[in-house]
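Colleague: Quick one: structure below, then a few questions.
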Amino acid sequence: MASGNKSQIRLGVEFRTAPGWHVYWKNPGDAGFPPRVDLLAPPELVGQEPTVEIEFPAPRRFALSGGLFAIGYEGEVVYPLKPRSYLAPAGAKSLRIEADVDYLTCEVDCVPYRYRLALDLALAPAAADDPETAPLLDRAEASLPRRDGTLPGVAVRAELARSASSLVLDIELEGVEASSASDLFVEPQELFEIGRPVVLRSPGGVRFELPLVPRRTDLPLPKRFPLAFTAVGLVEKGAPVALEVRRQLVTPGSIAASQASGAAVKWIPILLAVLAAGFLAAAMALWGKESASLGRGLLGFAALGLVVACLYHLATRVSAPGLAGIELALLGLGLAFWLFRRRAGR
Numbered sequence: 001m002a003s004g005n006k007s008q009i010r011l012g013v014e015f016r017t018a019p020g021w022h023v024y025w026k027n028p029g030d031a032g033f034p035p036r037v038d039l040l041a042p043p044e045l046v047g048q049e050p051t052v053e054i055e056f057p058a059p060r061r062f063a064l065s066g067g068l069f070a071i072g073y074e075g076e077v078v079y080p081l082k083p084r085s086y087l088a089p090a091g092a093k094s095l096r097i098e099a100d101v102d103y104l105t106c107e108v109d110c111v112p113y114r115y116r117l118a119l120d121l122a123l124a125p126a127a128a129d130d131p132e133t134a135p136l137l138d139r140a141e142a143s144l145p146r147r148d149g150t151l152p153g154v155a156v157r158a159e160l161a162r163s164a165s166s167l168v169l170d171i172e173l174e175g176v177e178a179s180s181a182s183d184l185f186v187e188p189q190e191l192f193e194i195g196r197p198v199v200l201r202s203p204g205g206v207r208f209e210l211p212l213v214p215r216r217t218d219l220p221l222p223k224r225f226p227l228a229f230t231a232v233g234l235v236e237k238g239a240p241v242a243l244e245v246r247r248q249l250v251t252p253g254s255i256a257a258s259q260a261s262g263a264a265v266k267w268i269p270i271l272l273a274v275l276a277a278g279f280l281a282a283a284m285a286l287w288g289k290e291s292a293s294l295g296r297g298l299l300g301f302a303a304l305g306l307v308v309a310c311l312y313h314l315a316t317r318v319s320a321p322g323l324a325g326i327e328l329a330l331l332g333l334g335l336a337f338w339l340f341r342r343r344a345g346r
């Protein structure tokens with residue numbers, strides 16, 4: 001880079017995992033989290049926001065036990081970092097870059113790491129690539145998904161639909177072909193739990209159908225919502241390609257109406273909470289007798305099982321803070337019952 005002139009610095013974070021271990025994409029799947037990089041020095045490069053935006057190469061899916069999956073990378077992977085402008089101080093001959101890297105790597109077990117890394121670069125009169133790291137960054141940048149609209153002849157259709165029993169995200173890519181490695185990954189979002197996609201070949205392209213489960217059934221879906229996804233394992237004009245797409249999806253009126261009608265039934269969470277409290281009181285009463293029989297004990301366990309069932313169904317209808325409040329109320333009810341029995345000498 002030219003000393004005294006504003007230049008762009010190419011940065012990246014390289015991982016080399018042991019066999020069987022992996023690191024993560026921006027959506028890690030059923031567990032894990034993507035790496036985070038905070039620049040610490042120099043101040044001229046850090047700017048107002050120390051967290052550096054990471055670019056993610058096309059990922060793959062890893063099968064985990066219990067039917068779960070992770071999304072990420074194994075072996076060698078380089079995450080390119082967004083270029084940053086740097087104005088070298090007058091007379092500077094070197095540049096020291098320091099960064100805080102927080103990441104997780106998993107096999108069967110997961111191990112979190114956090115390191116402070118430092119890199120010393122010599123400043124030259126003219127811009128030049130480092131012969132060791134430049135090829136790594138070149139390959140990493142070449143593995144980044146292509147952005148929607150940059151592939152002539154490739155068209156994308158994405159819409160929300162309803163199947164016989166659930167909501168489905170229907171995505172069709174025209175102008176590309178499917179392969180044995182075709183897959184689709186949705187970036188993190190708040191509205192849905194997203195299942196594993198079904199890959200279908202269509203005339204002139206490939207389709208993905210993803211089952212959706214709304215995270216909240218007590219609230220209607222918005223009329224429009226953002227969606228971002230990456231399709232991998234595609235073939236375009238005989239060459240492998242991955243595609244990153246960002247869309248604003250429209251919720252069809254029929255789906256919005258059905259969701260709204262379901263959200264209107266607000267008495268169901270109240271009923272479930274009351275039932276949970278009743279079953280808990282019944283369990284405590286059945287266990288509270290001094291001469292409790294085996295039958296009363298089993299009935300108490302059955303009542304406690306119904307409490308757990310009520311909490312399970314509440315988890316699909318209320319927010320996490322709301323569910324925590326209900327559980328704390330049940331805990332308080334159980335404690336109050338225990339104190340009452342204690343004062344009664346039983």
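Residues 1 to 346 (our numbering) are what the sequence shown spells out, left to right. Cβ atoms here follow ideal geometry from the backbone N, Cα and C, with glycine treated the same way. This one's a predicted model, so the numbers in the text were calculated from it and none came from an experiment.
What's the C-alpha gap between R162 and A231?
Modeller: Taking the straight line from one Cα to the other gives about 22 Å.
Colleague: Are the beta-carbon atoms belonging to A31 and C110 less than 9 Å from one another?
Modeller: Yes, they are a contact pair.
Colleague: For P28 and G334, I'd like the C-alpha separation in whole angstroms.
Modeller: Rounded to whole angstroms, P28 to G334 spans 38 Å at the Cα level.
Colleague: From T251 to G233, what distance separates their C-alpha atoms?
Modeller: Roughly 28 Å separates the two Cα atoms.
Colleague: Could you check whether D120 and R246 sit closer than 9 Å to each other, using their CB atoms as the reference points?
Modeller: Their beta carbons are not under 9 Å apart, which means R246 does not touch D120 by this criterion.
Colleague: Name, in chain order, the residues that DSSP records as bridge partners for I171.
Modeller: I171 is bridged to A158 and F208.
Colleague: Under a three-way DSSP split, which group does F373 fall into?
Modeller: Nothing can be reported for residue 373: it is not among the residues displayed for the chain, which extend from 1 to 346.
Colleague: State the start and end residues of the unbroken alpha helix (DSSP H) segment that holds T150.
Modeller: No alpha helix (DSSP H) holds T150; DSSP gives it neither H nor E.
Colleague: What residue from K237, E190 and L136 has the CA that sits closest to G175's CA?
Modeller: Comparing Cα positions, the closest option is K237.
Colleague: Would you call the region 166-185 and the region 102-118 in contact, with 3 or more CB pairs under 8 Å?
Modeller: No contact exists between the region 166-185 and the region 102-118.
Colleague: Relative to the C-alpha of M284, which residue among R342, L272 and G66 is closest?
Modeller: Minimum Cα distance to M284 is reached at R342.
Colleague: I'd like to know if the region 94-101 and the region 36-52 are in contact, where contact means that at least 3 CB-CB pairs between them fall below 8 Å.
Modeller: At 8 Å Cβ cutoff, the stretches touch.
Colleague: Mind checking whether L306 and A276 have CB atoms under 9 Å apart?
Modeller: Closer than 9 Å, so yes.
Colleague: Taking only the alpha-carbon atoms, compute the straight-line gap between L212 and K26 and give it to the nearest angstrom.
Modeller: If I take the Cα positions, the gap works out to 19 Å.
Colleague: Taking the straight line between their C-alpha atoms, what separation do you get for V318 and Q248?
Modeller: Near 26 Å, if we compare the C-alpha coordinates of Q248 and V318.
Colleague: Where does S65 sit, in a helix, a strand or coil, going by DSSP?
Modeller: Helix.
Colleague: If we count the other Cβ atoms within 10 Å of its Cβ and call it buried at 16 or more, is P80 buried or exposed?
Modeller: With 16 or more other Cβ atoms within 10 Å, it is buried.
Colleague: Quick one: what does DSSP say V198 is sitting in, helix, strand or coil?
Modeller: Note: V198 maps to strand in three-state DSSP.
Colleague: Reducing DSSP to helix, strand and coil, say where G47 ends up.
Modeller: G47: coil per DSSP, three-state reduction.
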